[in-house]
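Step one of this worksheet: look at the structure below.
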Amino acid sequence: MTGRKELNYKPLFNEQDLKKRVSELGKEISDQYQGEELICVGVLKGSVVFMADLVRAITVPLQMEFIGVKSYDGTSSTGHVQITTDLTADIKGKNVLIIEDIVDTGMTLDYLINLLKVRGPKSLRICALLSKPDAHIMKNDVDYVGYEISKEFVVGYGLDLDGDFRQLPYVAQVME
Ligand code: IMP
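Mind the numbering: the sequence shown is residues 68 to 243 in this note's numbering, read in order.
So this is what it looks like as structure tokens:
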């Protein structure tokens with residue numbers, strides 16, 4: 068275990084699983100945006116590891132942007148989301164792909180969609196490595212999903228527990 072703290076965990080998706088799935092997503096996205104250009108908007112910080120691999124699996128021209136969001140309460144999703152870091156690019160008339168680590172209640176995503184939609188992108192789609200359909204409160208469509216999982220808390224491959232374990236090269240379920 069490479070995390071700062073001890074973690075009782077069960078591996079869910081190993082490095083090979085992730086590599087294969089990310090490459091499939093990259094192909095699907097590339098096929099859909101043939102002849103177009105893309106702005107990939109990574110949601111900080113959880114999407115960074117996934118995004119780094121995903122953009123290398125996408126073959127259409129793209130730019131990388133980041134947006135930072137934070138829930139007021141810090142540990143659970145309250146829906147009271149605020150921006151900590153905004154985009155540096157104007158997305159008006161551009162194809163925007165939001166890249167999320169995980170969609171849990173969907174509140175963060177809902178906030179981001181509303182925020183970015185009013186900036187006039189040509190298109191706005193969502194890609195999430197993981198989705199917990201049973202936890203969704205907001206029902207926005209996620210266009211590209213790596214894996215659907217149940218409500219368990221997971222870490223690794225960018226996902227954290229109180230800031231730790233993001234660097235694990237696999238996704239693991241945290242056990243009580
Ligand atoms: P939502 O607004 O409830 O969809 O929450 C989205 C954010 O909560 C994600 O971008 C993650 O940062 C965090 N999150 C939700 N579930 C997990 C989990 O299982 N592990 C780590 N972070 C999670």
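Cβ atoms here follow ideal geometry from the backbone N, Cα and C, with glycine treated the same way.
| task | Would you please state the rounded distance, in angstroms, between the beta carbons of residue 194 and residue 96? I believe it to be under 8 Å. | result | Within the sequence shown, the letter at position 127 stands for residue 194. Within the sequence shown, the letter at position 29 stands for residue 96. Contact flag correct, Cβ pair sits at about 7 Å.
| said: Measuring straight from C-alpha to C-alpha, what distance separates residue 167 and residue 72? | reply: As a working note, residue 167 is residue 100 in the sequence shown. As a working note, residue 72 is residue 5 in the sequence shown. For residue 167 and residue 72, the distance between alpha carbons rounds to 25 Å.
| query | What is the DSSP secondary structure of residue 78, counted as helix, strand or coil? | reply | Mapped onto the sequence shown, residue 78 falls at position 11. In the structure shown, residue 78 sits in a strand (DSSP, three-state: E or B).
| task | Compute the minimum distance between the beta carbon of residue 215 and the heavy atoms of the ligand IMP, and state whether it is under 8 Å. | result | Working through the sequence shown from its first residue, we reach residue 215 at position 148. Proximity of the beta carbon of residue 215 to the ligand IMP is not indicated: no heavy atom of the ligand is located closer than 8 Å.
| Residue range of the unbroken beta strand (DSSP E) whose run includes residue 151 | Looking up residue 151 in the sequence shown gives position 84. Taken as a continuous stretch (DSSP letters only), the beta strand (DSSP E) holding residue 151 covers 148-152.
| Among 101, 206, 109, which residue has its Cα nearest to the Cα of residue 126? | Taking the first residue of the sequence shown as 1, we reach residue 126 at position 59. Residue 101 is the option with its Cα nearest to residue 126.
| task | Identify whether residue 223 lies in helix, strand or coil by the three-state DSSP scheme. | result | Taking the sequence shown and counting its residues from 1, one reaches residue 223 at position 156. Strand.
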